[in-house]
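**Q** Below you will find the structure I want to go over with you.
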Amino acid sequence: MITRAHLLAGFLLFLAGCLLGREWRDRSADLAQSRQATKQAQAETQAVETARSAEHQQADTLAKIGETHEQARAAAPAVADAVVADLRAGNLRLRDGWASCETQRLSDASAAARERDAAAQRRAEFAGAVVRAGRDADDQLAACQAVIRAYVAQ
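Sequential numbering of the sequence shown, starting at 5, is according to our numbering.
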């Protein structure tokens, strides 16, 4: 026979089963949410690592460009000095159009040898200064173009 105690025990077991089932569903939902949050956090971490890697690579590229530019700037005076030395030694000659800039003001007949030598020396020094300015401009332009290429490539 079924007594009140049996009915009460059955009812209590039924309630306990419902509560445990509900608790199990809540935990399953929490577990699914935590898995989704973990996946999202991993994706964000991967995106941050990718961005940092790209930044580091770009910084390395720009540092190399800067180093190359500084080396070119350091070598520029040597090139200008070599041009001056070659002009003085006769290994290089200026075009007549440029050489005549200085000599048109001086008449060969009236100028002393010293003045002609000084004019030739000034011409050589000026040519060296022009070469250095041109090289500096070329180096600066090359560095700027390299920076732009580095930014466009990213």
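All C-beta atoms in this analysis are idealised placements derived from N, C-alpha and C, irrespective of residue type, glycine included.
Please classify G70: does DSSP put it in a helix, a strand, or coil?
**A** helix
**Q** Could you check the C-alpha separation between K43 and E71 for me, to the nearest Å?
**A** 42 Å
**Q** Compute the beta-carbon to beta-carbon distance between G132 and V87, rounded to the nearest angstrom, for a pair I have assumed lies under 8 Å.
**A** 5 Å
**Q** Could you pull out every residue in the same chain whose Cβ sits closer than 8 Å to the Cβ of I69, ignoring the five residues on either side in sequence?
**A** Excluding positions up to five away in sequence, the list reads A147, A150, V151, A154.
**Q** With DSSP collapsed to three states, give me the class of R97.
**A** coil
**Q** DSSP state of T7, grouped into three classes?
**A** coil
**Q** Please confirm whether V135 and A84 have their CB atoms less than 8 Å apart.
**A** yes
**Q** Does Q158 come out as helix, strand or coil in the three-state DSSP assignment?
**A** coil
**Q** Give me, in chain order, the residues of the same chain whose beta-carbon lies closer than 6 Å to that of L92; leave out the 5 immediate sequence neighbours on both sides.
**A** Strictly speaking, residue 92 in this sequence is Arg, with Leu absent from that position. Around R92: A128.
**Q** Nearest-angstrom Cα distance between Q62 and A123?
**A** One C-alpha to the other measures close to 50 Å.
**Q** To which residues of the same chain is Q144 closer than 8 Å at the C-beta, ignoring the five residues directly before and after it?
**A** Within the same chain, Q144 has close Cβ partners H73.
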